[in-house]
Structures are given as structure tokens and as C-alpha cells.
Amino acid sequence: MGKRILQILTTGYRGTLEEQDDQVLWLVHMLHNNGADTDVLLRGAAANYVVRGQDAGGLCFGDKRQTQPPDIAGEVRALTRKGVRVYVVLDDLKLRGIRRNETLEDVAFVALAELPALLRSYDQVWQW
Amino acid sequence: MAGYVLIAARDPWDGPEQESVFELAATLARARDSVSIYLTENGVLAARAGGGERFLDPLLSAGVSVFADPFALAERGISDQRIVSGVVTAPIEHLVDLLAEGRSGLWF
Amino acid sequence: MSTKTLTFVLNDPPYDSARSTTALRLVDAALKRGFDVNVFAYEGAVGLATSAQTPHANVIHGRDAQSEDHPNPKDWISALQLEARRNSLRFDWVNCGLCSDERGTGEAIAGVRRGVPADLWAFVRSSVNTLVIPTR
């Protein structure tokens, strides 16, 4: 079986404050760095990952301040700069009132109706 | 009973079950119970204008107080200018205050 | 005037959802508001205070362990314990003992004790309110 993999991420912000990143995007980085041919499709709450201006700074418990908050948009940007294609479902953005001019550059928008063709273009599809 | 605070922590578009918090709020409000909703985590996605009105406008009209966690809003890049009209940003200390009133806290 | 108490029942393990962080934010907020706080850690939440948690580096972030400053929830809990002591507030954290046993979670940090459902009931009776943060 071929090994071109599409990673579908539907849950957003799952433990991202504790991990200081998104665990799946982190894994995609690692897979890519190890030679995998893998791209990302963001759906559901994870569609919000392409929004500019996300700021998770300021988390503090007593005197213990988080010094390295997650930079989710930065992680997405870093993937696209490495050549990983990051798709986001346009319908999921529209539902949530996210305007295209509020999103990162270099992200590819795909309509729900276009998903069958997109999924078919990969050898494997993993849903997280 | 001192009323309710329903904590909406999940993306309301993530399947019909996730809308149940708003359905319960409406039901309680119709029964003239005092109801507040506190949006946090992915629940604040409902507070973004241009998307969340369908969940929140009916509740706001029915007298339900809707609060949104500013930390969660900022974490998701939702600025003050992009919040559904009628939703009040309130730090998580306000949720503590609502619980301290004796409201039953139901986490969704 | 005696201090009022709030009780939180947690269910989620660390790193698996936003709920564990929000729960600790609520504890922090309750302490800031001058409440004594009880936590009953149930099921996976018994992992939040495990003393053996260790931070790690992050090669994707390009940071070594020190600069990554990766959170271990046990340290957040310790910071909250310190905050409580500083303000002469009580912060009582009980791990469900059977939940700990079945998960083999091992030792918890100082100030976290092993308990049973009767402890939760004692918490509830002494509190102005109890909030369950359920898992999903």
C-alpha cells in the first residue's frame, strides 16, 4: 500500500495548554521530518487553528506563570513552510463565522463537497 | 434552588449532542428558572459573531445571561469586536461567583 | 466570618483534554476569591498529581527541557498549594484510592492524599457548592 497520508484533525485545543502545542500537529511535524509524505485536513473546532491572532499567553497558577504558551497558528505556519499541505474545510469556517481574511496565508480551503476527491488522492487517511 | 449555571465547553457544531446545553438553557428559562451560561474552552466558538447567533440569540432574548471566558476567547483569536451582541466577557472568577451563589453547575 | 468552601470533582487525566487545565484555573480562581477548596480526583484525574511527572525537551520547538519549560500539572498543583498556604486557605486534594490502584499511578505529590468516596461526601457536606467536571 502507498504511504501518502492525509491526517484529519477534528478536535481542537485538546490539551494544548499542557502540551504547549497540538499533539497531532506535533506528530505531523515529526513524521514529515522523518520522511513521511503527509498532509493535514482541519475540520470542526480544529478549523479554528487557521485563525490569525490566537493568543494563549498569560496562564498562571499562583506564582507559576506559563512561559511558553502554545502557538497553534505558528505550528500551522511552520508546517506549510516545510511543504506540508494544510487544508481546512470552508464549510466549517463559515459555520463558525470565521472570515477568510481572518485566516493564515498558504492554507488551502476545501469545500465539504470536494472532500471525496481530496481523500481519494491519498493512500491512507487517518482521523484523529 | 438558586438557579443554574451551564458551562458550555465544547464546540456546538461538533454534532447534535453539543447543542444540548442550549436546549436545556431554553427549557429552564421557559420554566422561569434563573439560568446563566458560561462559555469556555471550545464553547467560546459559539460567541463569535457571524456564527454563534443561532445558538445564543434565542437564549439572550429569553433572559438567559451568557458569559464568555476571555482567556479562551483570546486563545482562539476571537477579539472583543467579534463577539455576539449581548454576550458578556467575564473572567473565570465570575464562574466561581455564580457557583458561590449556590447555582447548580452543569458542565457540558 | 468563617471561610466558605467549594468542591470540585475532576475526572480527566493530564494532557488529554482542556478540562484538566480549566479545572486548575477554577481552583486558582476560587482561591483568589478567598474560598477554601476541595478537589476529589476521580478516575483518570488521579494522574494529575503524580510525583513522577517529568518535563521534556521539544525538538519541534527547538527548545531543550529547561527552555521548553513543559508543564507538569503536579507543579501547577504545588503552586496552588503554596498560594493557599500564603493566604491561610485550605486546599485539600484527595485522589480516589481505587482509581489510583487500578491505574498504577503511583505516588502523588506531598499534600495530596488517598481517599474514598466517603471523603467526597464529607467535602460536599462542608461546601457551599460542588462542581463536577465530567469527562467526555
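Chains as they are written, first to last, in our numbering: chain A, 1 to 128; chain B, 129 to 236; chain C, 237 to 372.
Glycine included, every Cβ here is placed at the ideal spot set by N, Cα and C.
Fair warning: this is a prediction, and the values are worked out from it, not measured in the lab.
Per DSSP, reduced to three states, the secondary structure at residue 209 of chain B is helical. The beta carbon of residue 53 of chain A falls within 7 Å of a beta carbon belonging to chain B, placing the residue at that interface.
Within the same chain, 111 and 112 come within 7 Å of residue 91 of chain A by CB-CB distance, once the 5 residues on both sides are set aside.
In this structure, residue 87 of chain A places its C-beta atom within 7 Å of the C-beta atom of residue 108 of chain A. When secondary structure is reduced to three states using DSSP, residue 235 of chain B falls in the strand class. Contact annotation: the region 157-164 of chain B touches the region 182-195 of chain B, with at least three C-beta pairs closer than 8 Å. By the C-beta density criterion, residue 357 of chain C is exposed, having fewer than 16 other C-beta atoms within 10 angstroms.
Within the region 296-359 of chain C, the complete alpha helix (DSSP H) segments at least 4 residues long are 301-304, 309-322 and 333-339, listed from N- to C-terminus. Look at residue 72 of chain A here: in three-state DSSP terms it is helix. Using a Cβ-Cβ cut-off of 7 Å, residue 48 of chain A is close to 173 and 204 of chain B, given in chain order. The beta-carbon distance between residue 366 of chain C and residue 280 of chain C, rounded to whole angstroms, is 19 Å. This is too long to meet the 8 Å contact definition.
In terms of Cα proximity to residue 330 of chain C, the closest of C/324, C/350, C/311 and C/298 is C/350. The C-alpha of residue 114 of chain A lies about 10 Å from the C-alpha of residue 120 of chain A. In terms of Cα proximity to residue 200 of chain B, the closest of B/136, B/234, B/155 and B/170 is B/170. Within 10 angstroms of the beta-carbon of residue 292 of chain C lie fewer than 16 other beta-carbons, which makes it exposed. Residue 236 of chain B and residue 151 of chain B have their alpha carbons spaced roughly 12 Å apart. CA-CA distance, residue 301 of chain C to residue 295 of chain C, rounds to 10 Å. Judged by their CB atoms, residue 13 of chain A and residue 265 of chain C are not nearer to each other than the 7 Å cut-off.
Interface with chain C (7 Å Cβ-Cβ cutoff): residue 217 of chain B is excluded. Residues of the same chain with a CB within less than 7 Å of the CB of residue 102 of chain A, apart from the 5 flanking positions on each side, are 51 and 52 in chain order.
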